[in-house]
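Asks:
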Amino acid sequence: MSDTITLTGLAISARHGVLDFEKQIPQPFVVDLSLEADLAPAGRSDDLTASLSYADVAARVVEVASEEPVDLIETLAERIADAGLEWAFVEAVDVTVRKPHAPAGVPFTPTTGVMAGPAVSVRRERRRAVVIAMGTNLGRRVATMRSALESLRALDGLDVVHVSPLVETDPVGGVEQPDYLNAVVVGFTRLTGEHLLAELHRIEAEHGRRRDVRWGARTLDLDIISLGTPGESDEVRAGGERDGVTPGAAEASKSPLALPHPRAHERAFVVVPWWQAAPWMTLRTPEGVVALDDHVRALDVAGVRRGPVWDAEEYLDLEGGLR
Numbered sequence: 001m002s003d004t005i006t007l008t009g010l011a012i013s014a015r016h017g018v019l020d021f022e023k024q025i026p027q028p029f030v031v032d033l034s035l036e037a038d039l040a041p042a043g044r045s046d047d048l049t050a051s052l053s054y055a056d057v058a059a060r061v062v063e064v065a066s067e068e069p070v071d072l073i074e075t076l077a078e079r080i081a082d083a084g085l086e087w088a089f090v091e092a093v094d095v096t097v098r099k100p101h102a103p104a105g106v107p108f109t110p111t112t113g114v115m116a117g118p119a120v121s122v123r124r125e126r127r128r129a130v131v132i133a134m135g136t137n138l139g140r141r142v143a144t145m146r147s148a149l150e151s152l153r154a155l156d157g158l159d160v161v162h163v164s165p166l167v168e169t170d171p172v173g174g175v176e177q178p179d180y181l182n183a184v185v186v187g188f189t190r191l192t193g194e195h196l197l198a199e200l201h202r203i204e205a206e207h208g209r210r211r212d213v214r215w216g217a218r219t220l221d222l223d224i225i226s227l228g229t230p231g232e233s234d235e236v237r238a239g240g241e242r243d244g245v246t247p248g249a250a251e252a253s254k255s256p257l258a259l260p261h262p263r264a265h266e267r268a269f270v271v272v273p274w275w276q277a278a279p280w281m282t283l284r285t286p287e288g289v290v291a292l293d294d295h296v297r298a299l300d301v302a303g304v305r306r307g308p309v310w311d312a313e314e315y316l317d318l319e320g321g322l323r
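Quick note: the sequence shown uses full-length UniProt numbering, first residue 1, plus one each step.
1) Is it buried or exposed, Val161, if we count other Cβ atoms within 10 angstroms and call 16 or more buried?
2) Among all the DSSP beta bridges, which residues are the ones paired with Asp221?
3) With distances taken Cα to Cα, identify the nearest neighbour of Arg124 among Arg98, Ala116 and Gly157.
4) Could you say which of Val61, Gly135 and Pro165 lies nearest to Leu181 if we only look at CA atoms?
5) Can you give the Cα-Cα distance for Leu48 and Leu76, rounded to whole angstroms?
6) Here's the rule: buried if 16 or more other CB atoms are within 10 angstroms of the residue's CB, otherwise exposed. What is Val163?
7) Is it right to say Gly248 is buried, meaning 16 or more other beta carbons lie within 10 angstroms of its own, or is it exposed?
8) Trp87 to Thr169, Cα distance in whole Å?
9) Write down every uninterrupted run of the beta strand (DSSP E) in the segment 256-304 whose length is 3 residues or greater and which is fully enclosed by it, in chain order.
10) As a quick exercise: from Ala55, Glu204, Leu299 and Glu22, pick the residue whose alpha carbon is nearest that of Leu152.
11) Can you tell me which of the three DSSP states Asp156 falls into?
12) CA-CA distance, Arg305 and Asp159?
13) Would you list the one or two residues that DSSP bridges to Ser34?
14) Would the segment 31-43 and the segment 3-15 be scored as touching if the rule is three or more Cβ pairs under 8 Å?
15) Identify whether Pro41 lies in helix, strand or coil by the three-state DSSP scheme.
16) DSSP three-state call for Gly187: helix, strand or coil?
17) What is the DSSP secondary structure of Val106, counted as helix, strand or coil?
18) Along the chain, where does the alpha helix (DSSP H) containing Glu199 start, and where does it finish?
19) Just verifying my parser: in three-state terms, what is the DSSP assignment at Thr229?
20) Within 10 angstroms of its Cβ, does Ser175 collect 16 or more other Cβ (buried), or is it exposed?
Printed below as a string of structure tokens:
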């Protein structure tokens, strides 16, 4: 579950309501705002740039409430939630707007800790398409892939929608090593790229991943290939290098994020299973955004072969466990 920044009891004077006088005479409104985000980088660094200024958030809420009057506090809550998601590292927003002096024609009695009057609460989450590549070439490969897939499905903030078949692929990078099993997962996430990458590193570490040799053999590799829709406003584009040598999982969590993955478009072991999972999607290449279906047909796929099925009985031992 994400961390939260909460502003409670923000008092605002604004002109919203169905009646004419409510749009002319300012009335009191009270806003509670909760922003979900990964606050671990800010907590570790004590750096404001890794978080956000509460004063800036409060000022933005006041600015939104001071804009053109609306009839419904539902609309005001929606606008405030949209404003909360303007900060790139915010993953979800909970907003409650109270109107204590609403002309409802009936009295409201305050209860302990709660202001009297009508209130509207909304929750809005960031939702972006995400493509995650999976790979392994050490140990019990099918068992590892199935376990990693279950970890992805259990990850809060990630909705797995499509999963490719398993493919077996030749290793790339020049390091002598066993063949890989690869797959691609397609879904939606509210998590930022940095937060999702940290969670993928955690899952890799739980499966024994080490980062001693660049492009070397690995028990599990999880890569974000694309976040958002290529060419659309929600596409995340970030520079960085993620394939370098790092001394361990702790340092790996500090790796810069590169999105979209800078070499995914040329790697058949990514593109083929991605196409098998969601052939209607698009991907970004150095030449621009192209249809995945067109791109895979122009790619050299000689090193990619059909792999075992995810739930094949031959991968179960006599005790019913994976081997």
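Cβ coordinates follow ideal geometry from the N, Cα and C atoms, glycine included.
If you're wondering where the values come from, they're calculated on a predicted model, not measured in any experiment.
Replies: So, from the data block:
1) Residue numbering aside, residue 161 sits at position 161 when the sequence shown is read from its first letter. Per the 10 Å Cβ criterion, exposed.
2) If you number the sequence shown from 1, residue 221 lands on position 221. Paired residue(s): Gly135.
3) Looking up residue 124 in the sequence shown gives position 124. Residue Gly157 is the option with its Cα nearest to Arg124.
4) Numbered from 1 along the sequence shown, position 181 holds the residue referred to as residue 181. The shortest C-alpha separation from Leu181 is found at Gly135.
5) What you label residue 48 is simply residue 48 of the sequence shown in a count that begins at 1. What you label residue 76 is simply residue 76 of the sequence shown in a count that begins at 1. If I take the Cα positions, the gap works out to 28 Å.
6) Working through the sequence shown from its first residue, we reach residue 163 at position 163. It counts as buried.
7) For the purposes of this step, residue 248 is taken as the residue at position 248 of the sequence shown. Residue confidence for Gly248 is low, a pLDDT of 34 falling below 50, so the modelled location carries little weight and cannot support an answer.
8) One-based indexing of the sequence shown puts residue 87 at position 87. One-based indexing of the sequence shown puts residue 169 at position 169. So the two alpha carbons sit approximately 40 Å from each other.
9) Runs of the beta strand (DSSP E) inside the segment 256-304: 282-285 and 288-291.
10) Translated into the one-based positions of the sequence shown, residue 152 becomes position 152. Sorting Ala55, Glu204, Leu299 and Glu22 by C-alpha distance to the C-alpha of Leu152 places Glu204 at the top.
11) Taking the first residue of the sequence shown as 1, we reach residue 156 at position 156. Coil, per DSSP.
12) As a position in the sequence shown, residue 305 is number 305, starting the count at 1. As a position in the sequence shown, residue 159 is number 159, starting the count at 1. Rounded to whole angstroms, Arg305 to Asp159 spans 28 Å at the Cα level.
13) Stepping through the sequence shown from its first residue, residue 34 is reached at position 34. Answer is Thr6 and Asp94.
14) yes
15) Sequence index remark: in the sequence shown, residue 41 carries index 41 (1-based). Reduced to three states, the DSSP call for Pro41 is helix.
16) As a first step, residue 187 must be located in the sequence shown, where it is residue number 187. Strand at Gly187.
17) Stepping through the sequence shown from its first residue, residue 106 is reached at position 106. Coil at Val106, not helix or strand.
18) Translated into positions along the sequence shown, residue 199 becomes position 199. It spans Gly193 to Glu206 - the alpha helix (DSSP H) in which Glu199 sits, taken as one unbroken run.
19) As a first step, residue 229 must be located in the sequence shown, where it is residue number 229. In the structure shown, Thr229 sits in coil (DSSP, three-state: anything other than H, G, I, E or B).
20) The residue given as residue 175 occupies position 175 in the sequence shown. Residue 175 is actually Val in this sequence, not Ser. That one is exposed.
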